[in-house]
Amino acid sequence: MLIEDIDLSTLPSVYLLEKEQLPNLAAIYFVCDSKGQVLYIGRTVNLVERWKDHHRFQQLKRFNRKNIISISWMDCSKQINLLSKLENKLIKIYNPSLNWTRVVSPIRKITSFENNPIPLKVVDKYQPNYGNTKNVIEVEPWEELEPMPEGEARVMNRQFLYVDGVEIEVCYSTNEKYFVRYNVYWWIIYGRKNPNIVSDKVIQNLESAIDRLPTIRWSGYRFRVETIVFSEDDVEVESILFPLVMFEDLIRWLKLNYTGKSREELEKGEYKPKPDDPASIKLCAWLQRNSLSSLLQT
Numbered sequence: 128m129l130i131e132d133i134d135l136s137t138l139p140s141v142y143l144l145e146k147e148q149l150p151n152l153a154a155i156y157f158v159c160d161s162k163g164q165v166l167y168i169g170r171t172v173n174l175v176e177r178w179k180d181h182h183r184f185q186q187l188k189r190f191n192r193k194n195i196i197s198i199s200w201m202d203c204s205k206q207i208n209l210l211s212k213l214e215n216k217l218i219k220i221y222n223p224s225l226n227w228t229r230v231v232s233p234i235r236k237i238t239s240f241e242n243n244p245i246p247l248k249v250v251d252k253y254q255p256n257y258g259n260t261k262n263v264i265e266v267e268p269w270e271e272l273e274p275m276p277e278g279e280a281r282v283m284n285r286q287f288l289y290v291d292g293v294e295i296e297v298c299y300s301t302n303e304k305y306f307v308r309y310n311v312y313w314w315i316i317y318g319r320k321n322p323n324i325v326s327d328k329v330i331q332n333l334e335s336a337i338d339r340l341p342t343i344r345w346s347g348y349r350f351r352v353e354t355i356v357f358s359e360d361d362v363e364v365e366s367i368l369f370p371l372v373m374f375e376d377l378i379r380w381l382k383l384n385y386t387g388k389s390r391e392e393l394e395k396g397e398y399k400p401k402p403d404d405p406a407s408i409k410l411c412a413w414l415q416r417n418s419l420s421s422l423l424q425t
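Under the working numbering, think of the first position of the sequence shown as 128, with each following residue one higher.
So this is what it looks like as structure tokens:
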């Protein structure tokens with residue numbers, strides 16, 4: 128049978144609030160309302176586990192109050208390697224609304240320290256020369272995502288960039304806003320990938336680092352702990368996101384921590400990283416004359 132000929136009404140299903148009855152198998156699942164409209168399509172190698180803490184559950188639970196929601200599934204136990212392709216093809220066929228739209232949060236008052244409704248062009252006379260920027264992706268400096276409703280997760284994609292052997296994970300949203308997880312910053316600065324957000328005072332540390340920068344650009348930025356879902360991997364993590372340009376500023380201005388010849392060479396963009404240099408100084412040196420946006424894939 129062709130995938131286009133699948134009759135969703137013949138597939139096994141359970142009501143949303145009975146998700147514990149879902150089977151343990153690899154599947155493509157369809158979230159539908161009582162009229163048969165497909166709201167969401169996803170893939171998983173373990174259906175019941177996926178729905179124990181699904182990032183859309185709270186949102187769908189609210190929908191369920193007015194329109195009974197059910198979960199149908201197509202057994203793909205023998206097609207696990209094709210899950211991603213099947214999911215993409217079915218999404219194109221049914222065009223489910225929740226696969227393409229973000230969760231809308233309540234409108235809140237905008238202050239001068241939040242998303243400014245008036246576009247601002249940042250002019251920095253100390254901005255380094257990035258050379259030929261013909262094909263460089265333009266990344267807005269101040270990018271703050273709206274807070275997610277309680278129980279919801281933010282869907283992101285990611286790219287991995289490499290500079291002098293230093294790995295940088297860059298996350299981006301559906302509207303192409305670019306961010307870095309705090310784990311990346313902590314790894315480069317302190318050599319640890321998973322600090323405890325509370326006991327290691329991650330947010331206070333980030334706020335202090337911002338305060339030490341020789342610019343007021345990031346003053347008032349709010350760091351939030353939230354659940355993030357990487358769509359291509361179907362993986363959920365709890366993290367803190369901050370703008371890619373902020374990350375660059377935090378690393379670029381590490382040169383202020385150095386003195387003597389190293390400081391002078393960093394200031395001039397002439398520092399030559401040594402094999403045993405820490406990741407922080409390697410990336411700091413590179414960022415004196417470059418931007419990570421030049422490495423992003425479109």
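Glycine included, every Cβ here is placed at the ideal spot set by N, Cα and C.
With a 10 Å radius around the Cβ and a threshold of 16 neighbouring Cβ atoms, Asp338 comes out exposed.
In terms of Cα proximity to Gln286, the closest of Asn302, Gly292, Ala280 and Phe306 is Phe306. Under the rule that a run must span 4 or more residues, the alpha helix (DSSP H) segments found entirely inside the stretch 136–182 read 174–177. Annotation for Asn226: the continuous alpha helix (DSSP H) segment containing it runs Ser224 to Trp227. Straight-line spacing of the CA atoms in Lys188 and Arg390 works out to 56 Å. Taking the Cβ atoms as the reference, Ile133 lies roughly 12 Å from Ile168, outside the contact range of under 8 Å. Within the DSSP secondary-structure output, Val293 pairs in a beta bridge with Val290. CA-to-CA, the gap between Asn332 and Leu381 works out to about 15 Å. Partner residues in the beta bridge of Ser366, as assigned by DSSP, are Glu353. Residues of the same chain with a CB within less than 7 Å of the CB of Val172, apart from the 5 flanking positions on each side, are Ala153 and Ile207 in chain order.
Beta-bridge partners of Ser197 (DSSP): Tyr142 and Cys159.
Counting along the chain, the unbroken beta strand (DSSP E) around Arg308 starts and ends at Tyr305 to Arg308. In the DSSP assignment, Gly387 falls within the alpha helix (DSSP H) that extends over Gly387 to Lys395. Scanning its chain for C-beta atoms nearer than 7 Å, with the 5 sequence neighbours on each side dropped, one finds around Pro341 the residues Trp380, in chain order. Take Leu288, set aside five residues on each side of it, and the residues of its chain with a beta-carbon closer than 7 Å to its own are Ile295, Val297, Leu419 and Leu422, in chain order. For the set Glu397, Asn226, Phe369 and Ser211, the Cα lying nearest the Cα of Tyr312 is the one of Phe369.
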